[in-house]
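Following: one structure in structure tokens, then a few remarks.
2 protein chains.
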Amino acid sequence: MKQILIEKNILQNNDDIASKNRQILKDKGVFTINLLGAPGGGKTSVLEQIIKNIKHNVDVTVIEGDLYTTKDAQRIEKHHVDVIQVNTGGACHLDASMIDQAFEHIDINNLDFLVIENVGNLVCPASYDLSEDMKITVMSVTEGNDKPLKYPAMFQRSNALILNKIDLIDSTDFDIEEFYKDVYSLNENIKIFKVSCREERGIDELCKYLESQINDKRRNKEFQ
Amino acid sequence: MKQILIEKNILQNNDDIASKNRQILKDKGVFTINLLGAPGGGKTSVLEQIIKNIKHNVDVTVIEGDLYTTKDAQRIEKHHVDVIQVNTGGACHLDASMIDQAFEHIDINNLDFLVIENVGNLVCPASYDLSEDMKITVMSVTEGNDKPLKYPAMFQRSNALILNKIDLIDSTDFDIEEFYKDVYSLNENIKIFKVSCREERGIDELCKYLESQINDKRRNKEFQ
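The listed protein sequences derive, respectively, from chains A and B. My numbering applies: residue 1 is where the first sequence begins, and numbers increase by one. My numbering applies: residue 225 is where the second sequence begins, and numbers increase by one.
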């Protein structure tokens with residue numbers, strides 16, 4: 001009983017901080033995504049492709065969530081965008097208070113697009129609001145097409161899904177028809193992108209979608 | 225502060241239940257593994273190969289941990305071994321009290337080998353003792369060789385590591401030398417098996433290793 005109560009308090013506290021920061025991001029017109037997925041699905045690779053593609057039109061900052069290392073942040077930094085590393089010290093997800101601390105290091109007045117790359121985990125991060133406009137889940141075909149029904153919350157709560165490593169599909173028994181059916185049964189509004197980072201396939205379409213969202217948020221700011 | 229205290233109580237409570245069940249498993253000579261890994265690494269596929277290989281010599285029962293579905297349990301059941309499904313209802317790991325409940329459905333007097341397949345998650349399950357003799361982590365080459373340093377607890381606490389989908393290594397940029405170096409830097413005693421379930425490679429060696437452990441545990445029981 002106690003346990004459940006505490007969990008509620010944690011989530012309530014999280015949501016309060018997230019709401020405060022969501023208002024700031026709205027006022028400044030910063031489109032924000034929470035990039036989610038299992039370890040090794042390719043979140044960082046997808047993000048590198050996105051940055052390469054849109055950084056000339058859009059000011060991007062990345063918050064990198066990891067348990068301990070700075071490996072992903074180092075990869076992102078090579079693309080000459082601002083990166084803030086958040087190490088959770090073993091915790092399996094980012095929460096709003098961690099983002100709040102990262103905010104102190106962000107030049108939010110000169111920003112169009114904030115990407116929060118979460119810890120690799122297909123379960124817990126789904127529960128924590130990080131003030132994002134969109135949750136985007138990255139999963140790879142090598143993980144198997146049964147994942148949506150096995151880890152439903154992540155797919156129910158995501159606005160978009162990036163199906164990565166599509167170049168490897170013929171080396172797996174991934175059933176793409178069943179996959180689409182399962183995903184849409186959980187979330188009929190989710191937008192699915194088939195991507196290969198190695199072959200740079202599907203990146204253009206994904207980036208056009210993101211740029212349109214970024215421009216909408218900027219425009220909304222101007223109309224305020 | 226409160227939060228940390230609660231977490232300590234949870235883990236203490238978990239360890240108490242695990243100790244009780246560890247004694248039962250010792251008395252009955254049941255070798256027990258906790259099978260861990262990220263979603264899609266191939267835990268269930270590896271387990272299917274193990275069962276096919278050893279079920280004629282060894283009495284196996286499987287506890288299948290999943291958030292909601294019975295998909296993995298259905299796969300295991302096809303191999304005609306006893307399976308107990310534990311659904312966590314959204315929780316990201318199994319804990320000792322869940323195993324305790326599963327125990328009520330196990331014929332422990334006629335058992336040599338108990339396999340607990342945990343929820344797919346490279347973080348949280350590492351913290352929960354389930355009375356196992358060994359933690360065995362399954363990861364696939366498609367997840368990338370950076371995972372040990374990024375998710376160190378799982379690799380530090382595992383007795384063995386199954387590097388799966390080795391048949392796909394040439395389609396990835398997986399650096400196997402760096403991988404071995406990183407894993408051994410975290411845990412110099414870990415035993416690593418390179419496996420391909422699709423091509424049934426490396427299964428014999430893995431099963432010989434497990435059978436030797438199973439026989440040791442049986443022998444220890446007789447000497448008691």
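Just so it is clear, CB atoms sit at the ideal spot from N, CA and C, and this is done for glycine as well. Note that the structure is a prediction, hence the values are computed from the model and not measured.
What are the boundary residues of the alpha helix (DSSP H) that includes residue i?
i: threonine 268(B); result: 267-278
i: serine 140(A); result: Careful: serine 140(A) lies outside any alpha helix (DSSP H), inside the beta strand (DSSP E) at 134-140.
i: leucine 373(B); result: 371-374
i: aspartate 100(A); result: 96-103
i: phenylalanine 174(A); result: Note, phenylalanine 174(A): premise wrong, no alpha helix (DSSP H); not H, not E.
i: glutamate 301(B); result: 295-301
When you compare only the Cα positions, how much space is there between residue i and residue j?
i: glycine 313(B); j: leucine 291(B); result: 5 Å
i: glycine 264(B); j: asparagine 238(B); result: 27 Å
i: asparagine 258(B); j: glutamate 328(B); result: 18 Å
i: isoleucine 17(A); j: histidine 303(B); result: 50 Å
i: glycine 368(B); j: phenylalanine 223(A); result: 45 Å
i: glutamine 236(B); j: glutamate 301(B); result: 34 Å
i: isoleucine 278(B); j: lysine 20(A); result: 57 Å
i: phenylalanine 174(A); j: glutamine 74(A); result: 32 Å
i: valine 138(A); j: leucine 168(A); result: 15 Å
i: asparagine 215(A); j: serine 196(A); result: 25 Å
i: glutamate 178(A); j: lysine 147(A); result: 11 Å
i: lysine 405(B); j: serine 395(B); result: 21 Å
i: leucine 161(A); j: asparagine 189(A); result: 11 Å
i: glutamine 227(B); j: isoleucine 10(A); result: Because glutamine 227(B) sits at a pLDDT of 32, beneath the cut-off of 50, its placement in the model cannot be relied upon, and the following sentence gives the value as read from the coordinates. Their Cα atoms are separated by approximately 9 Å.
i: arginine 450(B); j: glutamate 429(B); result: The shown model of chain B, from 225 to 448, leaves out residue 450(B), and the question about it has no answer.
i: valine 141(A); j: isoleucine 99(A); result: 30 Å
i: isoleucine 248(B); j: valine 254(B); result: 9 Å
i: isoleucine 275(B); j: lysine 52(A); result: 46 Å
i: asparagine 311(B); j: asparagine 281(B); result: 29 Å
i: isoleucine 330(B); j: valine 46(A); result: 45 Å
i: leucine 229(B); j: lysine 194(A); result: In this prediction, leucine 229(B) scores a pLDDT of 45, lower than 50, which makes its location untrustworthy; the coordinate-derived value is nonetheless stated afterwards. Roughly 44 Å between the two C-alpha positions.
i: valine 183(A); j: threonine 293(B); result: 15 Å
i: serine 351(B); j: serine 185(A); result: 33 Å
Measuring CB to CB, does residue i end up less than 8 Å from residue j?
i: isoleucine 136(A); j: asparagine 159(A); result: yes
i: aspartate 283(B); j: leucine 335(B); result: yes
i: lysine 71(A); j: lysine 374(B); result: yes
i: glycine 289(B); j: glutamate 341(B); result: yes
i: leucine 36(A); j: proline 125(A); result: yes
i: glutamine 228(A); j: isoleucine 203(A); result: Limits of chain A in this structure are 1 at one end and 224 at the other, which puts residue 228(A) out of reach.
i: arginine 22(A); j: serine 131(A); result: yes
i: isoleucine 308(B); j: isoleucine 287(B); result: yes
i: threonine 44(A); j: leucine 114(A); result: no
i: asparagine 187(A); j: glutamine 156(A); result: yes
Could you give the first and the last residue of the continuous beta strand (DSSP E) run that contains residue i?
i: lysine 194(A); result: 191-194
i: valine 339(B); result: 337-341
i: valine 62(A); result: 60-66
Between residue i and residue j, how many whole angstroms is the CB-CB distance? I'm expecting something under 8 Å.
i: glycine 120(A); j: leucine 346(B); result: 7 Å
i: threonine 285(B); j: aspartate 306(B); result: 4 Å
i: aspartate 353(B); j: alanine 320(B); result: 6 Å
i: alanine 377(B); j: alanine 38(A); result: No, alanine 377(B) and alanine 38(A) are not in contact; Cβ-Cβ is about 17 Å, not under 8 Å.
i: arginine 169(B); j: isoleucine 400(B); result: Missing from the structure shown is residue 169(B); chain B here goes from 225 to 448 and no further.
i: cysteine 316(B); j: cysteine 207(A); result: Contact flag wrong, Cβ pair sits at about 32 Å.
Have a look at the DSSP bridge pairing and note the partners of residue i.
i: valine 183(B); result: Nothing can be reported for residue 183(B): it is not among the residues displayed for chain B, which extend from 225 to 448.
i: alanine 227(A); result: No statement about residue 227(A) is possible, as the shown extent of chain A runs from 1 to 224 and does not include it.
i: glycine 29(A); result: For glycine 29(A), which the question treats as bridged, DSSP gives no partner whatsoever.
i: arginine 425(B); result: Ser420(B)
i: leucine 11(A); result: Partner(s): none; leucine 11(A) has no beta bridge.
i: asparagine 34(A); result: Ile116(A) and Lys135(A)
i: asparagine 345(B); result: Gly261(B)
Interface residues of chain D around residue i at Cβ under 7 Å?
i: glycine 264(B); result: Of the protein chains in the structure, A and B, none is chain D.
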